[in-house]
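To convert a position in the sequence shown, counted from 1, into the numbering used here, add 78. Shown next, in structure tokens, is the structure this report addresses.
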Amino acid sequence: KTIRNRVDIIVRSKKDEWVKEASKANEKEVEDLKSQLKQAVNKTEDMRRKVEVEYKESLSRSNEEYKSQMNTLLRSEREKNTAAEKRLVEMRKELNECREEITRVRTENSLYM
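Below, the structure is given as structure tokens:
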């Protein structure tokens, strides 16, 4: 019985010590976890900023490519219009020449009749 009492006394005295040690270990673990969480949050923020910058750059490049394509298309359409206008002027000249020829032939025909 006295051995048991001594063991109980030792266990009780050690119990406080063990609780303090466990509490210190828990505090250290909590601090480590807080530090890891803070690092993860910082890394996530860095990645978010990086993705945002890359997205804006990509969008800007896409806009520039789109503008370039539209300018090329517009230039091509202007060239086509210019060529069509020149052809139209030529066709009008030809039409006027044909009208003049028709008028001349009619005049000659009326003189022979």
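Don't be surprised by glycine CBs; every beta carbon is placed ideally from N, CA and C. Values in this document were obtained by computation on a predicted structure and should not be read as measured data.
- Sequence-distant partners of L166 (beyond 5 residues in either direction) whose C-beta falls short of 8 Å from its own C-beta are missing from its chain.
- When the Cα atoms are used, E157 and T150 turn out to be separated by approximately 11 Å.
- Here the alpha carbon of I180 sits roughly 55 Å from the alpha carbon of E143.
- When only Cα atoms are considered, K102 and E109 end up about 10 Å apart.
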